[in-house]
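Here the structure is laid out as structure tokens; the discussion comes afterwards.
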Amino acid sequence: MLVVTANWAIADGTVLGAPAPGMIRSFFRALRRAAWRAGFQRDGRYAPVPTIQIVLAGDTFDGLTSFAWHGDLRPWQGGPRVRAVAEHVAFKATRRGSRFLAGLVKLQRDGLAVPRADIRGRPMVGATCQAAVRVICLVGDRDRMLHDLWCTTVAGRYGIPIGTEWSSEAVTIRHGAECDPLCGIPDLHVMPDLPGQGRVPTLAESLAVDLLVDFARRLRGAGVPRAVAVAVTRRLAAARPFQMPQAIAECHEPVFRTVWQRSVQHWHAQAHATVPESVAPFDAVDALAAWMEAASIPDPAGPRPALVAATDSLRPRVPRHRSDPRLVVLGHAPARKDLDTRVESTCGLCLGLPRRQTEPPVAALVLPDAGSRQAGWLAENTWELDSPQTIHVAPSGMMFNEPGIVDAA
Numbered sequence: 001m002l003v004v005t006a007n008w009a010i011a012d013g014t015v016l017g018a019p020a021p022g023m024i025r026s027f028f029r030a031l032r033r034a035a036w037r038a039g040f041q042r043d044g045r046y047a048p049v050p051t052i053q054i055v056l057a058g059d060t061f062d063g064l065t066s067f068a069w070h071g072d073l074r075p076w077q078g079g080p081r082v083r084a085v086a087e088h089v090a091f092k093a094t095r096r097g098s099r100f101l102a103g104l105v106k107l108q109r110d111g112l113a114v115p116r117a118d119i120r121g122r123p124m125v126g127a128t129c130q131a132a133v134r135v136i137c138l139v140g141d142r143d144r145m146l147h148d149l150w151c152t153t154v155a156g157r158y159g160i161p162i163g164t165e166w167s168s169e170a171v172t173i174r175h176g177a178e179c180d181p182l183c184g185i186p187d188l189h190v191m192p193d194l195p196g197q198g199r200v201p202t203l204a205e206s207l208a209v210d211l212l213v214d215f216a217r218r219l220r221g222a223g224v225p226r227a228v229a230v231a232v233t234r235r236l237a238a239a240r241p242f243q244m245p246q247a248i249a250e251c252h253e254p255v256f257r258t259v260w261q262r263s264v265q266h267w268h269a270q271a272h273a274t275v276p277e278s279v280a281p282f283d284a285v286d287a288l289a290a291w292m293e294a295a296s297i298p299d300p301a302g303p304r305p306a307l308v309a310a311t312d313s314l315r316p317r318v319p320r321h322r323s324d325p326r327l328v329v330l331g332h333a334p335a336r337k338d339l340d341t342r343v344e345s346t347c348g349l350c351l352g353l354p355r356r357q358t359e360p361p362v363a364a365l366v367l368p369d370a371g372s373r374q375a376g377w378l379a380e381n382t383w384e385l386d387s388p389q390t391i392h393v394a395p396s397g398m399m400f401n402e403p404g405i406v407d408a409a
């Protein structure tokens, strides 16, 4: 059985922390039930699943949303000071995510108990066997710190490999940030950052550090109660960048819009001082700043059509690419329900952040095995995005001809 999940975004606790304990418990309950259901064959007979592959498809951690990045310190800069801060953020984030990580490590060490089968191919009540569990962690655009030596050492201690892609003969899984114009030039996402060498930020990194973190800091300074500030910031962090102004517009207190406008102005100035990389043929910084300001102010007419058109060109675009027959699963690209839900008609599944605020920010899907092209959502209370038989499908495909393989089933 193959389980793919992404975007847990476990931060260091200064701005945001780990997902709620209830969501973590729900995930493991849903995983256990999925393993039991996966044992039933097409003919109705039951056989316990022998192995379970759990692939964390990027952004398991969030190394950007932290108050540690202040003054002249930014995660995309080089040098020992930045490296030390990045390691500290990584250490605190792993501590915050200890409940989730401990559950994964325990599964990998002990396996997952599933019912045994009797001679008639039926599950036996009270008799179990252990399905072997293998956990693989892929790097996303918000947790590049996973390539750091400290994180790699810790992950190796528990036998959890870290890489950029997982592949079998039928499935390829990666984070897929290369399909998002806000995440910069695709080639930057196939190799880790070189230690000690700085670079310019991507638009997504710049927005996270100089807009979202600045907004959280200003809320604290404005006297907004910590619990309220955390709730609003968490909602913004769980939204895609283009959804953040709408979340601010829905806040009834004027202080949120005032602080937001100041943070947008701050980000605009910072982004002009250190221009983020962009593949857009226009000034993406000015367009995004205008969008962030206009969309946060309630207006029946909405933002200008020209501004909408400019920002639309900066949204994720996952191109079709049929030369690789494997099913491609992307953790970054947003799931879409308005496309054909037959896997055979496209070549990919997307687990990205939901397009509606009413949906949970974390998604997971299950394939009966690594050679299957049939998938279903891992559903358990807050995990249920849709009916269990429905999957979100988007056209997608390989962006590179020679993907790096972390592990092959």
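If you read the sequence shown in our numbering, its first letter stands for residue 1, the second for the next number, and so on.
Every residue, glycine too, gets a C-beta built ideally from N, C-alpha and C.
None of the values given here were measured: they were computed from a predicted structure.
| query | Does DSSP classify SER387 as helix, strand or coil? | reply | Taking the first residue of the sequence shown as 1, we reach residue 387 at position 387. The predicted model places SER387 with a pLDDT of 31, which falls under 50 and marks its position as unreliable, so this point remains unresolved.
| task | Measure the Cβ-Cβ separation of ALA127 and ARG116 and say whether it is below 7 Å. | result | Here residue 127 corresponds to residue number 127 of the sequence shown, with the count starting at 1. Here residue 116 corresponds to residue number 116 of the sequence shown, with the count starting at 1. In this structure, the beta-carbon distance from ALA127 to ARG116 falls below 7 Å.
| message | For a test of the three-state rule: what should DSSP assign to SER168, helix, strand or coil? | response | Looking up residue 168 in the sequence shown gives position 168. Of the three classes helix, strand and coil, the one that applies to SER168 here is coil, per DSSP.
| Given SER26 as reference, the closest of ARG96, VAL49 and GLY103 once Cα atoms are compared | As a position in the sequence shown, residue 26 is number 26, starting the count at 1. Looking at the Cα atoms, GLY103 is the closest of the given residues.
| field | alpha helix (DSSP H) segment containing LEU203, residue limits | value | Looking up residue 203 in the sequence shown gives position 203. Start and end: 203-207.
| Environment of GLN77 [buried if 16+ CB atoms lie within 10 Å] | To locate residue 77, count along the sequence shown from 1; it is residue 77. Looking at its Cβ environment, which holds 16 or more other Cβ atoms inside 10 Å, GLN77 is buried.
| message | Strictly by DSSP, which residues pair up with PRO334? | response | Your numbering for residue 334 matches position 334 in the sequence shown. Note: PRO334 sits in a beta bridge opposite GLY352.
| message | Taking the beta carbon of ALA222 as the centre, do at least 16 other beta carbons fall within 10 Å, making it buried, or is it exposed? | response | Counted from its first residue, the sequence shown places residue 222 at position 222. The residue in question, ALA222, is exposed, as its Cβ has fewer than 16 Cβ neighbours within 10 Å.
| request: Spatial neighbours of VAL224 within its chain, please: CB distance less than 7 Å, with the 5 preceding and 5 following residues excluded, ordered by chain position. | output: Within the sequence shown, residue 224 is the residue found at index 224, counting from 1. Once the five neighbours on either side are set aside, the close Cβ partners of VAL224 are VAL255.
| request: Just the C-alpha distance for ARG218 and HIS272, rounded to the nearest angstrom, thanks. | output: In the sequence shown, the residue the question calls residue 218 occupies position 218. In the sequence shown, the residue the question calls residue 272 occupies position 272. Their backbone Cα atoms lie some 21 Å apart in a straight line.
| Does the separation of the CB atoms of ARG304 and VAL171 fall below 7 Å? | As a working mapping, residue 304 is identified with position 304 in the sequence shown. As a working mapping, residue 171 is identified with position 171 in the sequence shown. No, they are not a contact pair.
| Segment limits, alpha helix (DSSP H) that includes GLY22 | Against the sequence shown, residue 22 aligns to sequence position 22. GLY22 -> alpha helix (DSSP H) spans 21-38.
| message | Give me the DSSP bridge partner(s) of GLY376. | response | Within the sequence shown, numbered from 1, the residue matching residue 376 stands at position 376. Per DSSP, VAL366.
| query | Between GLY111 and ALA47, which are expected to be in contact by the criterion C-beta below 8 Å, what is the C-beta distance as a whole number of angstroms? | reply | Within the sequence shown, residue 111 is the residue found at index 111, counting from 1. Within the sequence shown, residue 47 is the residue found at index 47, counting from 1. Contact flag wrong, Cβ pair sits at about 16 Å.
| message | By the DSSP assignment, the alpha helix (DSSP H) with GLY159 in it spans what residues? | response | Here residue 159 corresponds to residue number 159 of the sequence shown, with the count starting at 1. Boundaries cannot be given for GLY159, as no alpha helix (DSSP H) includes it and DSSP labels it neither H nor E.
| message | When you compare the region 84-93 with the region 12-24, are there three or more beta-carbon pairs, one atom per stretch, that lie closer than 8 Å? | response | With the cut-off at 8 Å, the region 84-93 and the region 12-24 touch.
| request: From the DSSP output, in three-state form, read off LEU16 for me. | output: As a position in the sequence shown, residue 16 is number 16, starting the count at 1. Three-state result, LEU16: coil.
| Pairwise C-alpha distance: GLY97 and ILE10 | In the sequence shown, counting from the first residue as 1, residue 10 sits at position 10. In the sequence shown, counting from the first residue as 1, residue 97 sits at position 97. One C-alpha to the other measures close to 6 Å.
| If LEU182 sits next to PRO245, beta carbons under 8 Å apart, how far is it from one beta carbon to the other, in whole angstroms? | As a first step, residue 182 must be located in the sequence shown, where it is residue number 182. As a first step, residue 245 must be located in the sequence shown, where it is residue number 245. The Cβ separation is near 15 Å, so there is no contact.
| query | Since VAL211 sits in a beta bridge, which residues does DSSP pair it with? | reply | As a first step, residue 211 is located in the sequence shown; it is residue number 211 there, counting from the start. Looking at the sequence provided, one finds Leu at residue 211 rather than Val. Partner(s): none; LEU211 has no beta bridge.
| message | Taking the beta carbon of HIS252 as the centre, do at least 16 other beta carbons fall within 10 Å, making it buried, or is it exposed? | response | Counting from one through the sequence shown, the residue named residue 252 turns up at place 252. Classified as exposed, HIS252 has fewer than 16 neighbouring CB atoms from the shown chains inside 10 Å of its CB.
| field | Nearest-angstrom beta carbon gap, LEU31 and VAL55 [assumed within contact, 8 Å] | value | Taking the first residue of the sequence shown as 1, we reach residue 55 at position 55. Taking the first residue of the sequence shown as 1, we reach residue 31 at position 31. That pair is no contact at about 13 Å.
| Between the Cα of MET1 and the Cα atoms of ASP369, ALA375, ILE173 and GLY376, which residue gives the shortest distance? | If you number the sequence shown from 1, residue 1 lands on position 1. ASP369 is the residue among ASP369, ALA375, ILE173 and GLY376 whose C-alpha sits nearest the C-alpha of MET1.
| request: Could you name the residues of the same chain whose beta carbon sits closer than 7 Å to that of LEU101, not counting the 5 residues immediately before and after it, in chain order? | output: By one-based count along the sequence shown, residue 101 stands at place 101. Within the same chain, LEU101 has close Cβ partners THR94.
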